[in-house]
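There are 2 protein chains.
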Amino acid sequence: MMRIGVVAPSSRFSAEAAGKVTALAAAEFPEAEIVFHPQCFLTHNHFAGPDAARADALVEMANDPAFDAIWFARGGYGACRIAEDAIQRLGPAARDKTYLGYSDAGYLLAGLCRAGFSDLAHGPMPQDAMREGGDAATRRALAWLTRRDPAALEGGLAKGARHAAFNLTVLGLLLGTPLEPDLAGHVLLIEDVSEHMYATDRALYHLTASANIRGLAGVRLGRIGDVLPNDPDFGEDGETVVRFWCKRAGIPFLGLADIGHDSANKVVPFGLL
Amino acid sequence: MMRIGVVAPSSRFSAEAAGKVTALAAAEFPEAEIVFHPQCFLTHNHFAGPDAARADALVEMANDPAFDAIWFARGGYGACRIAEDAIQRLGPAARDKTYLGYSDAGYLLAGLCRAGFSDLAHGPMPQDAMREGGDAATRRALAWLTRRDPAALEGGLAKGARHAAFNLTVLGLLLGTPLEPDLAGHVLLIEDVSEHMYATDRALYHLTASANIRGLAGVRLGRIGDVLPNDPDFGEDGETVVRFWCKRAGIPFLGLADIGHDSANKVVPFGLL
């Protein structure tokens, strides 16, 4: 039996999503037991409980040798408030686990990567069960967590290459912080959602000025979804904008990637494939 | 006669605003001649003309000894695309001038500060003439540019202290870039507009992690205007959020400041008052 612990380090999580995930797992992944930490259902303003409760739940489950994986319940916002503190409190049992999430959970993936954790992946989270086509996202995440099913992986990952994947806004806003991982030589996959295109352009000025980012082997662009209206029209799409900044910074642009804030979001394991 | 050159390094500028500024200046500041560079009225997608045109206009007017001041026409977005290139092309005549602007023009104020320019100020721009009460903003900017009227200054600036003022989002997204100024020992005034409170909280995690920002003498908070709806409610206002991050980073919080994206926005000269 594989035991997967779910904690919610960011925004409020939905009990309905937990129900959907539990039902799908029972039907299709009998080898997995999914345990939602009670913290997942706390609320404190914007967050799934106060900072201390979110940090404590993560530390408790990560340090418990009875769990094989930590699955972040959802993104939204809030992981940066607890990541440094929680990661400092992780012991040896925490290093033997898989960690899966994306979006705001990128703060934790980044900090864990920097701390030398080796089994991290960018991919669907329990809250994605609520999306249109969400069962496919849940199934893909569980297929990766339980069976390391290669069909769950993003199709363009290359054997022998190092990868990392992040939400563009989150990655930019963790540069220079104690959570920034060393991405030298990595192929970086980025995606974003619900931003104005001018804000994406602005984020890329900042990102591509970083020496760490300039040391990438290359960038692949996932989906930039739900782009907010730009008045006047920005006149360039996400790919044009990313190509512009990569070229200006001397970073190879390696094409598109099959990740994003949607149910088609594929799994990207960090580090060497 | 004082000659003030206006260029538009960011978003499209309004000819109507130029007309209002010219009329007010003619009536109340006969000692000033305001020259709008033709580039101010170009459009290219989101911007007041292509990158090259915006950079060239700034370089041309800044390097022209016939002008005493450069007044940035408006913010929006776009200055980061041209700032490094333009500043590298500035000669000795550019160093003798006053530069006034805020918001997206903060990229230029930052880069000029880093390049050792000594007469920089955060304050109203020509486009502010279109705001409700905009005449007061125009009058305040011109009173500063032409007469160094102390009534134009932000009321809490202390003699003998070093100051800088920025839009919070802009400052965060220029950290780590070639535009980042050394703010050690400065009192930093920040303001923001049209952001969700979670995004302000997130920006402050990033900002207050910076060693440069941790070297500030303190932070004063201007207005956080037009806060976008947060679902669920963030539960904390801008002052609470700024106090939280300042405390966590050991940066003195020195109270509120009279700056913001509004017609009451006061002038903050950079450096020693």
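As you go down the protein sequences, you meet chains A and B in turn. First residue of the first sequence: 1, per the working numbering; consecutive thereafter. First residue of the second sequence: 274, per the working numbering; consecutive thereafter. For glycine and all other residues, C-beta sits at the position ideal for the given N, C-alpha and C.
| said: So the candidates are A:Pro-229, A:Asp-182, A:Thr-200 and A:Val-268; which of them puts its Cα closest to the Cα of Arg-354 of chain B? | reply: A:Thr-200
| query | Given that Glu-236 of chain A touches chain B, what residues does it touch there, using C-beta distances under 8 Å? | reply | Asn-318
| message | Looking at chain A, is there any beta carbon in it that lies within less than 8 Å of the beta carbon of His-479 of chain B? | response | yes
| request: Please decide whether Gly-506 of chain B counts as near chain A, where near means a Cβ-Cβ distance under 8 Å. | output: In the sequence under discussion, the amino acid at residue 506 of chain B is Asp, which differs from the Gly named in the question. Answer yes: the Cβ-Cβ gap between Asp-506 of chain B and chain A drops below 8 Å somewhere.
| message | Taking its Cβ as the centre, do 16 or more other Cβ atoms sit within 10 Å of Pro-525 of chain B, making it buried, or is it exposed? | response | exposed
| task | With DSSP as the reference, label Ile-524 of chain B as helix, strand or coil. | result | coil
| query | Per DSSP, which one or two residues make a beta bridge with Ile-532 of chain B? | reply | For Ile-532 of chain B, which the question treats as bridged, DSSP gives no partner whatsoever.
| task | Within the same chain, show all residues whose beta-carbon is closer than 7 Å to that of Leu-254 of chain A, passing over the 5 residues directly before and after it, in chain order. | result | Val-187, Gly-218, Val-219 and Arg-220
| query | How is His-319 of chain B classed by DSSP in three states: helix, strand or coil? | reply | coil
| query | Taking C-beta to C-beta, are Thr-43 of chain A and Arg-12 of chain A nearer than 8 Å? | reply | yes
| query | Taking the Cβ atom as the reference point for each residue, do His-46 of chain A and Asn-538 of chain B lie within a distance shorter than 8 Å? | reply | no
| said: Using a Cβ-Cβ cutoff of 8 Å, what residues of the region 446-460 of chain B are near chain A? List them in chain order. | reply: Leu-446, Leu-447, Leu-448, Gly-449, Thr-450 and Pro-451
| said: I'd like the span of the alpha helix (DSSP H) that includes Met-398 of chain B, first residue to last. | reply: Neither: Met-398 of chain B is in no alpha helix (DSSP H) and is coded neither H nor E.
| field | Unbroken alpha helix (DSSP H) run spanning His-186 of chain A, endpoints | value | Counting along the chain, His-186 of chain A falls outside any alpha helix (DSSP H), though it belongs to the beta strand (DSSP E) covering 186-193.
| query | Just to confirm, are Arg-140 of chain A and Ala-152 of chain A a CB contact at a threshold of 8 Å? | reply | yes
| Quick one, which of B:Phe-390, B:Pro-303 and B:Asn-440 has its alpha-carbon nearest Gly-349 of chain B's? | B:Asn-440
| query | So, are the CB atoms of Glu-427 of chain B and Asp-358 of chain B less than 8 Å apart? | reply | no
| CB-CB under 6 Å to Gly-134 of chain A, same chain, minus the five flanking residues each way: which ones, in chain order? | Asp-128 and Ser-263
| message | Give me the subset of the region 361-384 of chain B whose CB atoms are less than 8 Å from a CB atom of chain A, sorted by chain position. | response | none
| Relative to the alpha-carbon of Ser-118 of chain A, which residue among A:Met-125, A:Tyr-99 and A:Leu-207 has its alpha-carbon at the smallest distance? | A:Tyr-99
| field | Residue-level contact to chain A via CB, Ala-476 of chain B, 8 Å cutoff | value | yes
| So which residues on chain A does Ala-482 of chain B lean against when the C-beta distance must stay under 7 Å? | Gly-176, Thr-177 and Pro-178
| said: Quick check: Phe-305 of chain A and Leu-58 of chain A, are their CB atoms within less than 8 Å of each other? | reply: Outside the displayed range of chain A (1 to 273) lies residue 305 of chain A, so it cannot be described from this structure.
| CA-to-CA distance, Glu-289 of chain B to Arg-404 of chain B, given in whole angstroms | 12 Å
| Amino acids of chain A, ordered along the chain, whose beta-carbon sits closer than 7 Å to that of Asn-503 of chain B | His-46
| said: I'd like to know whether the C-beta of Arg-354 of chain B is nearer than 8 Å to at least one C-beta of chain A. | reply: yes
| query | Straight-line CA distance for Leu-179 of chain A to Val-515 of chain B? | reply | 21 Å
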